[in-house]
Amino acid sequence: MTLELSARAALWFLPFVLPVCLWVAWSDLRAMKIPNSAVLSLVVIYLVIGLVALPLPDYGWRLTHLAVLLAAGIVANAAGLMGAGDAKFIAAAAPFVALGDAMLLALLFAVVLLASFAAHRIARATALRRLAPDWASWKAGRKFPMGFALAPTLVLYLALAARHGA
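When we follow the numbering used here, the leftmost residue of the sequence shown carries the number 9, and every step to the right adds one.
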């Protein structure tokens with residue numbers, strides 16, 4: 009497995025991205041919403057830390073990832089395929105991912121999505137639900153808090169890139 013994101017860049021991003029991703033996962037489980045402030049935090053982290061972590065041409069080019077995925081997310085949201093918070097999170101996370109790692113990220117997301125979905129449904133159907141009885145995601149019917157899968161995917165991608173260079 010070859011990752012295009014350098015270990016150096018991943019190590020710069022990871023400590024700042026991790027708490028935001030924990031916030032996103034928790035918030036989506038609790039309220040079925042990804043806060044705009046969390047999404048904006050990811051963008052600011054990229055804008056500031058990216059200047060140190062990435063070569064300047066890569067830094068600028070990756071901002072186009074944000075724009076393209078935001079446009080695609082708006083269309084997907086309008087078509088009812090995903091929530092607005094999910095679309096915004098994906099766009100904000102996009103600059104952290106090297107274009108050459110897109111297939112790896114898709115595979116990683118598939119695995120994390122299955123694990124997150126199973127964990128959520130098991131917790132919802134068992135006594136674990138009593139640990140957080142007021143979470144909106146328990147009562148969301150067939151809906152799933154996608155931030156619970158999206159956020160760990162970004163963290164695991166950065167962790168794999170950091171580990172790959174070690």
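Here a beta-carbon is modelled for each residue, glycine too, at the ideal position from N, C-alpha and C. This structure is a prediction, so every number in the text was calculated from the model and none was measured.
If we ignore side chains and look at the alpha-carbon of each, how far apart do A133 and A61 end up?
Along the sequence shown, read from residue 1 onward, the residue named residue 133 stands at position 125. Along the sequence shown, read from residue 1 onward, the residue named residue 61 stands at position 53. Those two C-alpha atoms are separated by around 43 Å.
Does the beta-carbon distance from V119 to V25 come in below 8 Å?
Walking along the sequence shown from the start, residue 119 turns up at place 111. Walking along the sequence shown from the start, residue 25 turns up at place 17. Contact flag unset, no.
Given that a residue counts as buried once 16 or more other Cβ atoms are within 10 Å of its Cβ, and exposed if not, what is G81?
Position 73 of the sequence shown, counted from the first residue, corresponds to residue 81. Label assigned to G81: buried.
For V105, three-class secondary structure by DSSP
Translated into the one-based positions of the sequence shown, residue 105 becomes position 97. Note: V105 maps to coil in three-state DSSP.
For R150, report the span of its alpha helix (DSSP H) as first-last.
For the purposes of this step, residue 150 is taken as residue 142 along the sequence shown, with counting starting at 1. That residue, R150, is in no alpha helix (DSSP H); it is neither H nor E in DSSP.
Kindly indicate which three-state DSSP category I42 falls into: helix, strand or coil?
Position 34 of the sequence shown, counted from the start, is the residue given in the question as residue 42. Note: I42 maps to coil in three-state DSSP.
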